[in-house]
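In what follows, a structure is listed as C-alpha cells, so that the remarks can point back to it.
Number of protein chains: 2
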Amino acid sequence: MASSQFHGLQLVRVSSPSQLFVSTAFQHGRVTFQRKSNHLVYASTNNFNRDHHLQSKVETVLDSLKWDDKGLVVAIAQNIDTGAILMQGFANREAVATTITGGKATFYSRSRSTLWTKGETSNNFINVHDIALDCDRDSIIYRGKPDGPTCHTGAETCYYTSVFDLLEDQQSGGDKFLLTTLNSLESTIAKRKGELGVPQTGKPSWTRRLLLDEKLLCSKIREEADELCRTLEENEDKSRSASEMADVLYHSMVLLGLRDVKMEDVLEILRHRFSQSGVEEKSSRKTQG
Amino acid sequence: MASSQFHGLQLVRVSSPSQLFVSTAFQHGRVTFQRKSNHLVYASTNNFNRDHHLQSKVETVLDSLKWDDKGLVVAIAQNIDTGAILMQGFANREAVATTITGGKATFYSRSRSTLWTKGETSNNFINVHDIALDCDRDSIIYRGKPDGPTCHTGAETCYYTSVFDLLEDQQSGGDKFLLTTLNSLESTIAKRKGELGVPQTGKPSWTRRLLLDEKLLCSKIREEADELCRTLEENEDKSRSASEMADVLYHSMVLLGLRDVKMEDVLEILRHRFSQSGVEEKSSRKTQG
Chain P
5 MASSQFHGLQ LVRVSSPSQL FVSTAFQHGR VTFQRKSNHL VYASTNNFNR DHHLQSKVET
65 VLDSLKWDDK GLVVAIAQNI DTGAILMQGF ANREAVATTI TGGKATFYSR SRSTLWTKGE
125 TSNNFINVHD IALDCDRDSI IYRGKPDGPT CHTGAETCYY TSVFDLLEDQ QSGGDKFLLT
185 TLNSLESTIA KRKGELGVPQ TGKPSWTRRL LLDEKLLCSK IREEADELCR TLEENEDKSR
245 SASEMADVLY HSMVLLGLRD VKMEDVLEIL RHRFSQSGVE EKSSRKTQG
Chain F
5 MASSQFHGLQ LVRVSSPSQL FVSTAFQHGR VTFQRKSNHL VYASTNNFNR DHHLQSKVET
65 VLDSLKWDDK GLVVAIAQNI DTGAILMQGF ANREAVATTI TGGKATFYSR SRSTLWTKGE
125 TSNNFINVHD IALDCDRDSI IYRGKPDGPT CHTGAETCYY TSVFDLLEDQ QSGGDKFLLT
185 TLNSLESTIA KRKGELGVPQ TGKPSWTRRL LLDEKLLCSK IREEADELCR TLEENEDKSR
245 SASEMADVLY HSMVLLGLRD VKMEDVLEIL RHRFSQSGVE EKSSRKTQG
C-alpha cells in the first residue's frame, strides 16, 4: 500500500496499512502524514499532535481552489511513474479533502450526485502520492499509482481510443491505449516479441534480431554504454550524447522486453530509491568506485 | 514544425510548413495527412482527392463525442515524450475540428466565449500528434510537443503547485512543476549539479561524486550495463534486471546531466526513429553485430 506522504521526491511506500514510517521530512521537522490503521493521520515534528493546525491548513488550501458554479474542479488521475493519464473526473471540496486525508483518488459523480472513490467497487484504487494544482486553481492532478486497470473496460487507462485510428477505420480496442514515447517503444518491442513465433519473409527487423540473439543483444548494450561514455570522455557534441543515450535505452529495453520486465517497474525502483533519506543516491550505490 | 500525421507510432516531423512528406502509411494505402503551406490537407493512396470522404469521417468522430450541456468536452494537453500534463481547458466541436485539421491544440474559452489556439499570442503552440478519447467520449487528450513553456507564468506546465507543499508552507514557484519519476530524477541530478560550486560538509552524495569524477561515472555506466547484460546471460531473477536497469538509467542520466542533455531530447530521438518506415528499428542500427 502506498503512503500518502507528499514531499516532492520524498514519496514513501509502506508495505501494510499498519506499518508506520518516519520520514526524513518528519525528522527534519517538516510536517508529514503517516498511515495508521488504513487511514492517514497528521504527525508533527515534536511528537505532539498538530491535527487542528493542519486541518485548518487543508481548509485554507481548499478555500484557494476555484470551484465552478457546481462546486467542482476538473480532476485528472496520472500514473506518477509512467506519466500515463489514467482517467479524468470532477471533484468537489469533499472529494479533494477525502483524497488528501485518505490517499485514494476520490471524485464527485455528477450523474449520481455522490462522492466516489475510484476502486471502491473494482478494488483498483489509485494511491495518490501528490496533488498538483494548476495556475488557475480550477484543475488538479491526482498523481499516483493504480492498483490495477483504471478503466471499467479493463484497459489500463480510459484513453484508449485514437481519433486518427478512427479516421483510418482502425479498430481501437480495450487492449490498446495511447502512449507516451517510452510506453510506445516498450509496446513495439513487446509486439515484436509476440511475433517471434511467426515466420517472416524478408529481412527481419533489428528488434527481432536482437530478441532472437541474446549474444548480439548483450554485445550491443555493452557497446552502446561504452559509446555513451566516450561522448563524455572525448567531449563529443551534446547531440551525440543524446543519440547514444537513445541507443542505450532502446537496446536495454529490448533486454527488459525479453525478460518481461516493465519500464514502470524500473521507474518505481528509481522513485523508491530517491525517496530515501537526504542522501538519496546512497541506495543507488552498490559498489564504491 | 511538427506534422499532424497521426498513426500511433508513425509520427513524422517536418522541418518546414512547406516541406511535404510521404509517409509509410501513405505508401501502404492508409489515409494520411500532409502539411502543405501551413495547413493540413488530406491525402489518399491513389493520388486523387478524398477530402470529402475524410471530412465526413471527421464529422462522424465529432458526432461521437459526448458534448456537455454547454457543448464542451474536457481537453487535456500532454507532452507526448515526457508525459507531463501541460494544461487543461475545454473544447467545443469547432476547437476539436480545428485541432484535427490545424495540428495545434485549440480550446474554447468559457470566459471569453471564443475559440483560442494555445500559442496564438505567446507563439508557444502545442503541436498535436494524436488525440485520445476516453471511454465515455467526454474527455480528450491533445498529445503533442510544446514549442515553449505552456503556462502564462513561464512555467513548463500550469501544474506547478503541490498541495502538500502548500500544507507544509513550502513556496511553490513558477520554476517548479510536479513531476513524473523520470523528470524528478532528472531534476534532482540538475540540482546536485547546481550545488557543485557550494562547499559541503560531510559525506558527498553519490550523485555529487559522480558529477565530480568523470572517470568514476564512466566506469559505473559500463559496469552497470555489464551487470544488466549478466542478468540475462546468467538467467538471474527478473527483479535483478529491473534493478540493474534502474542503475543503468540513473548513471546514464547523471552523464546526461553533466552534458546538459535533456531526457526529453533522448525520448524525441527515439520517437522519430520509431516513426520511420515499417522496419522502424533500422535507424537504431549503426553497426550490424
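Chains as they are written, first to last, in our numbering: chain P, 5 to 293; chain F, 5 to 293.
Backbone N, C-alpha and C fix where the C-beta goes; we use that ideal spot for every residue, glycine too.
Going by other Cβ atoms of all chains shown within 10 Å of its Cβ, with 16 needed for buried, is glycine 87 of chain P buried or exposed?
-> buried
Report the three-state DSSP secondary structure of arginine 34 of chain F (helix, strand or coil).
-> Below a pLDDT of 50, predicted positions are generally treated as unreliable, and arginine 34 of chain F, at 36, falls in that range; no measurement from the model is reported.
Nearest CA to the CA of cysteine 233 of chain F: which residue from P:Leu232, P:Glu240, P:Cys222, P:Asp241?
-> P:Cys222
Chain P within 7 Å of leucine 215 of chain F, Cβ atoms only | no
Contacting residues, own chain, Cβ-Cβ under 6 Å from arginine 212 of chain P (five flanking each side not counted) = Arg196
What residue range is occupied by the uninterrupted beta strand (DSSP E) comprising isoleucine 89 of chain F?
-> 89 to 95
Thinking arginine 275 of chain F and threonine 185 of chain P are a contact (beta carbons under 8 Å), I'd like their distance in whole angstroms, please.
-> 4 Å
Beta-carbon separation of tyrosine 163 of chain P and alanine 136 of chain F under 7 Å?
-> yes
Where do the ends of the beta strand (DSSP E) carrying tyrosine 112 of chain P lie?
-> 110 to 113
Which of the three DSSP states, helix, strand or coil, is assigned to lysine 242 of chain P?
-> helix
Under three-state DSSP, which class holds serine 143 of chain F?
-> strand
Rounded C-alpha distance that separates valine 77 of chain F from proline 208 of chain P = 44 Å
Would you identify the three-state DSSP class for serine 191 of chain F, choosing helix, strand or coil?
-> helix
Tell me whether arginine 263 of chain F is buried or exposed, calling it buried when 16 or more other Cβ atoms sit within 10 Å of its Cβ.
-> buried
If you count every other CB in all the chains shown that lies within 10 Å of the CB of histidine 1 of chain F, and 16 or more means buried, which is it?
-> Because chain F here runs from 5 to 293, residue 1 of chain F falls outside it and cannot be looked at.
CA nearest to the CA of cysteine 139 of chain F, picked from P:Gly148, P:Pro150, P:Thr157 | P:Thr157
Would you mind working out which of P:Ser191, P:Leu216, P:Glu190, P:Leu189 sits nearest valine 202 of chain P, comparing C-alpha positions?
-> P:Leu216
Counting contacts by CB-CB distance shorter than 7 Å, is leucine 236 of chain P in contact with chain F?
-> yes
Would glycine 261 of chain F count as contacting chain P if we go by Cβ distances under 7 Å?
-> no
What residues of chain F sit near glutamate 218 of chain P, judged by a beta carbon separation below 8 Å?
-> Leu236, Glu237
Could you pull the start and end residues of the beta strand (DSSP E) that cysteine 130 of chain P belongs to?
-> The residue asked about is misnamed: residue 130 of chain P is isoleucine in this sequence, not cysteine. Run containing isoleucine 130 of chain P: 130 to 137, per the beta strand (DSSP E) assignment.
Could you confirm whether any beta carbon from chain F is found closer than 7 Å to the beta carbon of serine 245 of chain P?
-> yes
7 Å Cβ cutoff met for asparagine 128 of chain P and glycine 148 of chain P = no
Positions along the region 154 to 176 of chain F whose CB lies within less than 9 Å of some CB in chain P = Cys155, His156, Thr157, Ala159, Thr161, Cys162, Tyr163, Tyr164, Thr165, Ser166, Val167, Phe168, Asp169, Leu170, Leu171, Glu172, Asp173, Gln174, Ser176
Where the alpha helix (DSSP H) through leucine 214 of chain F begins and ends | 210 to 216
Enumerate in chain order the residues of its own chain whose CB-to-CB distance from leucine 200 of chain F is below 8 Å, with the five nearest sequence positions on each side excluded.
-> Arg212, Leu215, Leu216
Mind checking who leucine 183 of chain F pairs with in its DSSP beta bridge?
-> Per DSSP, none; premise fails for leucine 183 of chain F.
Going by C-alpha distance, which of P:Thr121, P:Asp151, P:Leu189, P:Thr105 is nearest valine 167 of chain F?
-> P:Thr105
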